[in-house]
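Only one structure is covered here, and it is reproduced in the block below.
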Amino acid sequence: GETISIGELAKELKKQPKDIIMKLMNLGVMATLNQDIDFETAEMIAIEYGISVSKKLTEEEIEEKRYNFEDRPEDLTKRAPVVTVMGHVDHGKTSLLDAIRNTSVTTGEAGGITQHIGASEVSLKGEKIVFLDTPGHEAFTTLRARGAKVTDIAILVVAADDGVMPQTIEAIDHAKAAGVPIIVAVNKIDKANANPDRVKQELADRGLLIEEWGGDVISVEVSAIKNIGIDTLLEMVLLVAEMLELKANPKRPALGTILEAKVEKGRGPVATVLIENGTLRVGDPVAAGATHGRVRAMFNSHGKTIKQAGPASAVEITGLNDVPTAGDKFYATEEERHARAMAEKRQAELRVSTLRKTPHISLEDLFNQI
Ligand code: GTP
Ligand code: MG
């Protein structure tokens, strides 16, 4: 294809050649002044400077703008809350969700330990709530941090027989860092040695003052096993959600976060996506981190095939060309090539960070060549 020397490109863009070389390094390309680079790379440099050089670029810029655009107030509609259940290992997070969903996920877990973010949707008096389960085991800090980031409300589960423990504190910190309101669920109150007052005291010691104690944190005493207090807890969730006045624009292309992803035999890469805004449809071109593709099939949290999903939905999709990384941002695009361009840009960024970790050539060497 077409090529251009770095010297020429610098002249075209009215920039210093060494600045161009720095930009190229940022894209993972090592080059010297007299070296020719291909036109596509030159275009990427131009994008970096915000200069459009062709029609293709202009379209891409439009695409970029669409992600950053502010939703018009008239397009906004009420959306369901995303609620993350957090707390110390074995305090009963999954059991609580089982009680809420009338399922029994806990019994199917290896060693009874949650190792991923499980997403589920529940309908309550016609109101939808999206729940994310998180692991309490200390090894899964990043999953908890991610869970706190994408959520609207955190349910902090504390076992009444065990009290505030290290991952309880960690969960409080994640929720506070993410600016997410906390609802405390004091669980296992059916146990003979349950001591809910001690839990409340310990929470107060950690700066989490519940209503009974003159604070503003809602707390509900529950038993996941004996099905006590579950309805009250759900009412509180809806109450807090109501106060948050959560809104989204179903008319825009979908925007979200990858919760988890894996390869499945016969299905290829399978990703669980939390759609935060917009509507995702089967056939939509999508980008997620360094991966891209088209939505081939989509399933809701009950495993049912669906054709489209609106804001605040947890769905499973197939059709990506590779396995994205949990936590990657997810975008639907109008044109497939835009999705590909976004994924390639991310790949280039990843290459740069890999290069930074394994320097083959020093900056000094590079400039000595100029
Ligand atoms: P991780 O996901 O590993 O962090 O654990 P978890 O918080 O999801 O706890 P899980 O729901 O797996 O429950 C741990 C144990 O506590 C299980 O044996 C449950 O049966 C038990 N348990 C959970 N809730 C209650 C409760 O309300 N009362 C009693 N007595 N036991 C409970
Ligand atoms: Mg669990």
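Quick note: the sequence shown uses the working numbering, first residue 78, plus one each step.
The beta-carbon is built from N, C-alpha and C at its ideal position, and this holds for glycine as well.
Considering only heavy atoms of the ligand MG, does any lie closer than 7 angstroms to the CB of residue i?
i	result
T171	yes
P212	yes
Look up residue i in the DSSP assignment and give the residues it is bridged to.
i	result
Y408	L332, A364
M375	I394
L201	E204
A222	The partner list for A222 (beta bridge, DSSP) is empty, contrary to what the question assumes.
V359	According to DSSP, V359 bridges with nothing at all.
V347	K339, T395
E164	The residue asked about is misnamed: residue 164 is Gly in this sequence, not Glu. In DSSP, G164 forms a bridge with V234.
S172	Answer by DSSP bridge pairing: none, since S172 is not bridged.
A281	Looking at the DSSP assignment, A281 forms no beta bridge with any residue, so it has no partner.
T382	F376
E298	V263
H369	A364
A196	L209
A325	T154
V159	V207
Can you grab the Cα-Cα spacing for the pair residue i / residue j, in whole Å?
i	j	result
D399	R423	13 angstroms
E288	P273	14 angstroms
I266	Q278	16 angstroms
A409	A331	5 angstroms
P401	V340	10 angstroms
A87	L104	16 angstroms
V234	A157	21 angstroms
S82	E421	22 angstroms
N304	N179	10 angstroms
D282	H415	51 angstroms
K95	A364	32 angstroms
G195	G213	13 angstroms
E322	D152	15 angstroms
E412	I307	45 angstroms
N111	A367	31 angstroms
M99	T109	10 angstroms
E393	M163	22 angstroms
A301	G360	40 angstroms
D239	A386	40 angstroms
L61	E85	It is not possible to answer for residue 61, since the shown part of the chain is limited to 78 through 447.
L286	A255	18 angstroms
F376	H168	30 angstroms
R221	I122	37 angstroms
I114	M107	10 angstroms
A271	R149	50 angstroms
Is residue i close to the ligand GTP? I mean its beta-carbon at under 7 angstroms from any heavy atom of the ligand.
i	result
V234	yes
G164	yes
E251	Checking the sequence, you will find His at residue 251 rather than Glu. For the ligand GTP, not one heavy atom lies less than 7 angstroms from the Cβ of H251.
I260	no
I97	no
A301	yes
K324	no
D308	no
H369	no
N264	yes
K268	yes
D167	yes
Out of the options, point me to the one whose CA is closest to residue i's CA.
i	options	result
L336	M107, A418, K381, V207	V207
A262	L209, K170, L323	K170
A225	D210, K205, K406, D175	D210
A231	I259, H168, D175	I259
S197	A391, N270, M107	A391
P388	M419, G333, F407	G333
K91	Y126, V299, V276	Y126
M320	K155, G84, V106	K155
P362	R373, A403, N354	R373
T218	H168, I177, P243, E204	P243
G396	K406, M419, L174, R358	R358
A418	D405, F376, G370	G370
A403	I97, G355, V227	V227
D175	V166, V199, H165	V199
Would a check of beta-carbon distances place residue i closer than 8 angstroms to chain E?
i	result
V263	Within the model displayed, chain E is absent; a lone protein chain is all it includes.
Open item on the list: Across the region 250-269 and the region 338-345, are there enough close Cβ pairs to call them in contact, namely three or more that are closer than 8 angstroms?
Closed with: No: the two stretches stay apart, fewer than three of their Cβ pairs being nearer than 8 angstroms.
Open item on the list: With a threshold of 8 angstroms, are at least 3 pairs of Cβ atoms found where one atom belongs to the region 322-329 and the other to the region 287-303?
Closed with: no
- [ ] Evaluate the contact criterion for the region 381-399 versus the region 305-321: three or more CB pairs, one atom per stretch, below 8 angstroms.
- [x] No, the region 381-399 is not in contact with the region 305-321.
Open item on the list: Any contact between the region 112-127 and the region 348-356? By contact I mean 3 or more CB pairs, one from each, below 8 angstroms.
Closed with: Touching, no.
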